[in-house]
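J.: Mapping to this note's numbering: the sequence shown position 239 is 1080, numbers consecutive.
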Amino acid sequence: MKLKIYQIDAFSSKIFGGNPAAVIQLAQWLPDDKLQNIATENNLSETAFIVPLFGNIDYHLRWFTPSYEVRLCGHATLATAHTLWQHLGFQKDIVTFDTLSGILKVVRNENDYTLDFPTDTLEKRDDQLDIIHNILKIKPIEIFRGRDDFMAILSAQQEIESLQPDFALLKTLGSRGLIATAKGDGVDFVSRCFFPEAGIEEDPVTGSAHTTMTPYWAEKLGKTTLSAQQLSARKGDLTCVLKGNRVDISGAAVTYMIGNIYL
842 MKLKIYQIDA FSSKIFGGNP AAVIQLAQWL PDDKLQNIAT ENNLSETAFI
892 VPLFGNIDYH LRWFTPSYEV RLCGHATLAT AHTLWQHLGF QKDIVTFDTL
942 SGILKVVRNE NDYTLDFPTD TLEKRDDQLD IIHNILKIKP IEIFRGRDDF
992 MAILSAQQEI ESLQPDFALL KTLGSRGLIA TAKGDGVDFV SRCFFPEAGI
1042 EEDPVTGSAH TTMTPYWAEK LGKTTLSAQQ LSARKGDLTC VLKGNRVDIS
1092 GAAVTYMIGN IYL
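#1: M992 and T1013 look like a contact to me (Cβ under 8 Å); what is the Cβ gap, rounded to whole Å?
#2: DSSP beta-bridge partners for K1084?
#3: If you compare alpha carbons, which of A1069, F895, S1049 and I865 is closest to L956?
#4: Check the C-beta distance from R966 over to I979 and give it rounded, since I have them as a contact under 8 Å.
#5: Within 10 angstroms of the Cβ of M1098, are there 16 or more other Cβ atoms? Answer buried if so, exposed if not.
#6: At a Cβ threshold of 8 Å, is Q1005 touching chain C?
#7: Mind pulling the alpha helix (DSSP H) runs of 4 or more residues that sit fully within the stretch 931-993?
#8: Within 8 Å, do at least three Cβ pairs link the stretch 920-940 to the stretch 968-978?
#9: How many angstroms separate the CA atom of N1101 from the CA atom of L995?
#10: Name the residue from D850, Q1070, Q848 and L913 whose alpha carbon lies nearest to the alpha carbon of A1039.
#11: If you run the structure through DSSP and keep just helix, strand and coil, what is F857?
#12: Looking only at its own chain, which residues have a Cβ that is under 8 Å from the Cβ of L929, when we skip the five neighbours before and after it?
#13: Identify every run of the beta strand (DSSP E) within the stretch 1050-1084, keeping only runs that are complete inside it and at least 3 residues long; order them along the chain.
#14: Report the start-end ranges of each alpha helix (DSSP H) in the stretch 986-1050 that is 4 residues or longer and not cut off at the edges.
#15: With distances taken from CA atoms, which of V1088, P907, A889 and P1045 is nearest T1066?
#16: Helix, strand or coil: how does DSSP classify I898 here?
#17: Tell me where the alpha helix (DSSP H) around L876 begins and ends.
#18: Which residue wins for smallest C-alpha separation from G1025, given the options E1042, A1069, G987 and P959?
#19: Just to confirm, are L1072 and R1017 a CB contact at a threshold of 8 Å?
#20: So what does DSSP say about W904, is it helix, strand or coil?
#21: Under the assumption that L1019 contacts I982 (Cβ atoms under 8 Å), give the Cβ distance between them as a whole number of angstroms.
#22: For L844, name the three-state secondary structure that DSSP assigns.
#23: Considering only their Cβ atoms, is the gap separating V864 from A880 smaller than 8 Å?
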């Protein structure tokens, strides 16, 4: 069996920026262990698989890290939409996906794409201040827990830039990962995201984490449209708009590589 694979740099307008994701379209689902083996072999933070559907929903979409399947992934959804429009002949201006996080939509704009994602729910968890202080080696102002991740609020962008987490200790936190965020110097907020439990020490750009950060910063800054930057080595730029229980997350994407997988 030969499968076409697309590698896309998401949340970037140029290659070697943003977050790379692999995208593979299937005629029908392969066994889960084969999907996981492909994602592990790709060794990217996410591999997205799609199968065409019929009716009002266009595709079934699933995401796998090198270690396991996840419930929500922003950059790989963006990469999938880019692949559909740029390489697979998709004609509609909105693509609709059925996922583990419900129905997700992506809109094609003139220069980028907009993800329509569910807003995360936040629970204040200052009982975790001490352990997260030890993980980050910087004391957070506040700690919150979302559906999948902890979020640490730091006091300045410089603190985010200087982080060198204790990844062994982070693995004991009992969550998918840890988001560290602060008010930005040139944008509304900045972040870095760490997921060693998923086989990703630091994720270059994490769309799903912005469903957690956006409601916090929207309330804190008193605005619903926010500019964001993830301060990994590759960096990523996003625009986030809070719409009640949904968040619009916009960014560009660019194709890096097209190839074949032989199974």
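Cβ coordinates follow ideal geometry from the N, Cα and C atoms, glycine included.
T.: Concretely, from the data shown:
#1: In fact, because the Cβ distance is near 17 Å, the residues do not count as touching under 8 Å.
#2: R1087
#3: S1049
#4: Contact flag wrong, Cβ pair sits at about 17 Å.
#5: exposed
#6: In the displayed structure, chain C is absent; only one protein chain is listed.
#7: 970-977
#8: no
#9: 43 Å
#10: L913
#11: coil
#12: Q866
#13: 1066-1071 and 1077-1084
#14: 998-1003 and 1008-1011
#15: V1088
#16: coil
#17: D873 to N883
#18: A1069
#19: no
#20: strand
#21: About 15 Å; that fails the 8 Å criterion.
#22: strand
#23: no
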